[in-house]
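What follows is a short report on a single structure.
Numbering (UniProt numbering), first residue to last: 1 to 216.
Here it is, written out as structure tokens:
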């Protein structure tokens, strides 16, 4: 299933926001450069040049480089990641799996592949999340509200069939996402080498399926 990439979602977000053309150009340039060079290695002059504006214009609209970073991150929390989650949930509901093992393997592989396809943009968010854990708290709260109903209905049949432990759905989501993130963060932050998605999916599912099967 094809999913909308993060860069496109970011562009769509700022196009619909109440921003001037110059502000949009600065934000697009910021995302591009932060992704390629990292936040620390990007200057406001670099951003201004790519955006086709003066450095003074950057400071006029965003005050500081930190303010510019927050303007880039906020759409991730409030719009982009919620849209990514909703798009994925919709796809899962439209293409159901007969058994939980197949469902889990597909879901893990798909999310890991998506992260790898968008690793440069993900890297910006993860690096700042490590520095400021409150970012993760805000995102988790936002996603939990959106996901609860959708995952309840997804997991119901698997629980009824005795294929999935009868836990609260969000507890299961936290367990699955925690293991996936544990593999992704070191690779995205500390390596330029692509993750072996198939091998990692097998490892993750072997661990998770043992923990998520009902005990007789």
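The C-beta atom is built at its ideal place from N, Cα and C for all residues, glycine as well.
Contact annotation: the segment 47 to 58 does not touch the segment 70 to 87, with fewer than three C-beta pairs closer than 8 Å. The beta carbon of residue 80 sits closer than 7 Å to the beta carbons of 6, 9, 10 and 13 from its chain, once the five residues preceding and following it are set aside; these are given in chain order. By the CB criterion at 7 Å, residue 195 and residue 116 fall inside the cutoff.
In the DSSP assignment, residue 24 falls within the alpha helix (DSSP H) that extends over 21 to 37. Below 8 Å, enough C-beta pairs join the segment 86 to 98 and the segment 151 to 170 to call them touching: three or more. If you check the CB distance, residue 29 and residue 50 come in under 7 Å. In the structure shown, residue 194 adopts coil according to DSSP, grouped into three states. Per the coordinates, the alpha-carbon of residue 203 lies some 41 Å from the alpha-carbon of residue 17.
Short of 7 Å from the beta carbon of residue 99, and not among the five residues preceding or following it, lie these beta carbons of its own chain, in chain order: 163.
When the five nearest sequence neighbours on each side are left out, the beta carbons in the same chain lying within less than 8 Å of the beta carbon of residue 127 are those of 38, 39 and 189, in order along the chain. DSSP places residue 94 in the uninterrupted alpha helix (DSSP H) bounded by 81 to 94.
Under the three-state reduction of DSSP, residue 164 is assigned to coil, being neither helix nor strand.
Assigned with DSSP and collapsed to three states, residue 53 falls in coil, not helix or strand. Taking the CA atoms as reference points, residue 173 sits about 23 Å from residue 132.
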